[in-house]
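Residue numbers (this note's numbering): 1038 to 1797.
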């Protein structure tokens, strides 16, 4: 069950390709323009249109473009400004004229490699959470010959970008990381960035169009850096920015500021005020679109600049590198003492009760580990796997390392449950209690769910407290914000993980490339659904319960009020429908309103501001959400990013057509099954169109789509199918010969593997 082969569903269809505009700005570029135009024609994926905005060139630039347009294999739309406006305003005009769903920016003096456009567009088409991608570039001399350097390295940002694939918005707030000619940006980010604020062109703290686009794109979505050089970036004396180091660029700005505004102290204060204004405007736009978390981050940085300006302080040095040691290193002296003081353990290949050798006759003892037994996606997956493991070949125990919860009652009666009660991630006493429980229970395989519990087992392995084979099930759901692999995480996984299960193909790719896990130990494990939970469910009449009598279609959205679930996009999609269509829909939000109380209150303010109060109802947290799903006509989910999402399987198992963000492995798998609608995340236009399609289906069409969804849940995502593949991972782990990996040698684990033979 490797990442490439672990598909238990039909062939996954890609999203339909997006239309692409290349936005090119020109000014006296006749010397270099022919090379660029020729490289556009040579693209593996040609653009659908080329928009050229000329800023009153006085050479042959305009004539070259007109001549090119006569024979170009795509439409060329040329416009010449009435007067010179400058580079940033010129790109603003070009973006306003661009019609593609994706816009790629171009500079007149560069040379695109044939794969550039196809590569960037494919990234955006394959991963709907991305709003902007940008690449590295090879540096060319004025004569067009390579000079043996890269753009990122020449600007001192190569190391950061190569180790941080996803670039958060605050990084763009602090410095320029992306270059316009290397980027492709999705339409919704372009719309959010337009019109450009006038403060971008302030001479003290100018923010060029590319940095502004990146800042806004990161606020309304996710920005990814692509380390491959996809174009040749020409370096010559006449270019506007070139490859000057940040310090030199800053010196030039300060010189210009002194000339315009006097002493350096005054210009520094003004620089902080201008930057604060720029960031506040980006925060305002993110807030209007419902991206409250991103807006708050940008506003905090803007506030920092205002405070600096008010204190009349010079610019500070960048923060020193965080040299604090990681938790594993800090705990090493203590764990060394634990290792010396603990009693000698029996080999895992020996039974603890009678000292008899383990044979294949005894069922494999599996311990599922989560932080808690509260209701959650990862916890639900862990419980479903524990309940559905084949009891002829497996004995099951369950450990909640922090606290108990409602899912305890969902576990089968034959599952032994232990609650450790650890108080912190590195609670040493809790660590010892956990290790004692594992040894006392004679566990053969530990199956952890979540990175916190994985690190506990890794620390037990490093300290010698445990040598039990370990399967790590990764449910990490913030891939749109963070794909880093810090030293502590890499060390924990390399030392403490034998097999890796990722619920998303992106997680599997991350484990192989960022962590360095061997490919044969990385497995794609899509979540499943136990259809027995949906039998004999008594539906709740949502129209009667929520005063929605006469509403044609009532949709349910099961999601706690948290930033990730993106309720604002659902509200804005409702508001975009024509009033006569909006009145036909009711939307019931099911989920906790206290998880992020401030977010919930801002959503309620949005309901009033958008005028959708007649359509929206709040059910709050419910003990039996399946009864409410059974009483709905359809379902909705507007998450910014998911690695599942498991709730979509519950929608399908309930027989509901759905509108859900096209994010996560489950949505990728059902994209072509005609069981729901999958708009791009954070795009209210697409969500509104999907809602209209649900209305247009009519009762019979919605019922038929729901029936197809239930059949797919049974045939593709049935829990028994998923669990059998997890059992295969256990089996392969226990019979694999020692290969020098974690636990290799003549220690307990090698004895365990030698004695087990065939398992299950």
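The C-beta atom is built at its ideal place from N, Cα and C for all residues, glycine as well.
Since this is a predicted model, take the numbers as computed values, not measurements.
- Pairing residue 1555 with residue 1534, the inter-Cα distance amounts to about 11 angstroms.
- Residue environment for residue 1320: buried (at least 16 other C-beta atoms within 10 angstroms of its C-beta).
- Across the set 1694, 1570, 1326, 1476, the C-alpha of 1326 shows the shortest separation from the C-alpha of residue 1228.
- The residue from 1146, 1153, 1612 with its alpha-carbon nearest to that of residue 1178 is 1146.
- Here residue 1470 has 1457 as same chain residues with Cβ atoms under 6 angstroms from its own Cβ, once five neighbours each way along the sequence are excluded.
- Under the three-pair Cβ rule at 8 angstroms, the segment 1753-1762 does not count as touching the segment 1431-1439.
- Per DSSP, residue 1750 lies in no beta strand (DSSP E); the unbroken alpha helix (DSSP H) holding it starts and ends at 1721-1752.
- Looking only at 1241, 1338, 1257, the smallest Cα-Cα distance to residue 1211 is reached by 1338.
- By the 16-neighbour rule on beta-carbons within 10 angstroms, residue 1736 is exposed.
- Excluding residues up to 5 positions away in sequence, 1055, 1056, 1057, 1058, 1084, 1085, 1086, 1224 lie with their Cβ nearer than 8 angstroms to the Cβ of residue 1137 in the same chain.
- By the criterion of a C-beta distance shorter than 7 angstroms, residue 1493 is surrounded in its chain by 1438, 1468, 1471, once the five residues flanking it on both sides are discounted.
- For a cut-off of 8 angstroms, the C-beta gap from residue 1158 to residue 1221 is around 6 angstroms, short enough to register as a contact.
- Taking C-beta atoms as the reference points, residue 1699 and residue 1717 count as a pair closer than 8 angstroms.
- Following the DSSP letters along the chain, one finds residue 1255 inside the alpha helix (DSSP H) bounded by residues 1246-1257.
- When DSSP states are grouped into helix, strand and coil, residue 1755 belongs to the strand group.
- As the crow flies, the alpha-carbon of residue 1258 is around 36 angstroms from that of residue 1582.
- Residue burial is scored here from C-beta neighbours: residue 1076 has at least 16 other C-beta atoms within 10 angstroms and is therefore classed as buried.
- With contacts defined as CB atoms closer than 8 angstroms, residue 1172 and residue 1219 qualify as a contacting pair.
- Residue 1405 sits buried, since 16 or more C-beta atoms from the chains shown fall within 10 Å of its C-beta.
- Boundaries around residue 1329 are those of the alpha helix (DSSP H), 1329-1347, since no beta strand (DSSP E) includes it.
- In this structure, the alpha-carbon of residue 1144 lies about 24 angstroms from that of residue 1199.
- DSSP places residue 1150 outside both helix and strand once states are collapsed to three, so it counts as coil.
- As DSSP reads the structure, residue 1261 sits in a beta bridge with 1170, 1203.
- Between residue 1236 and residue 1311, the gap from beta carbon to beta carbon is short of 8 angstroms.
- Take residue 1571, set aside five residues on each side of it, and the residues of its chain with a beta-carbon closer than 7 angstroms to its own are 1663, 1690, 1691, in chain order.
- With the rule of 3 Cβ pairs closer than 8 angstroms, the segment 1562-1570 does not count as touching the segment 1637-1649.
- Using a Cβ distance threshold of 8 angstroms, residue 1724 and residue 1675 count as a contacting pair.
- Assignment of residue 1118 by DSSP, reduced to helix, strand and coil, places it in the coil class.
- The Cβ atoms of residue 1066 and residue 1095 do not sit closer than 8 angstroms to each other.
- Going by C-alpha positions, residue 1243 is about 17 angstroms away from residue 1208.
- For residue 1090, DSSP records a beta bridge to 1062, 1116.
- For residue 1223, the beta-bridge partners assigned by DSSP are 1139.
- Residues 1074 of the same chain have their beta carbon placed closer than 6 angstroms to that of residue 1105, with the five preceding and five following residues left out of the count.
- Ranking 1411, 1460, 1479 by CA distance to the CA of residue 1399 puts 1479 first.
- Secondary-structure assignment with DSSP links residue 1628 through no beta bridge to anything.
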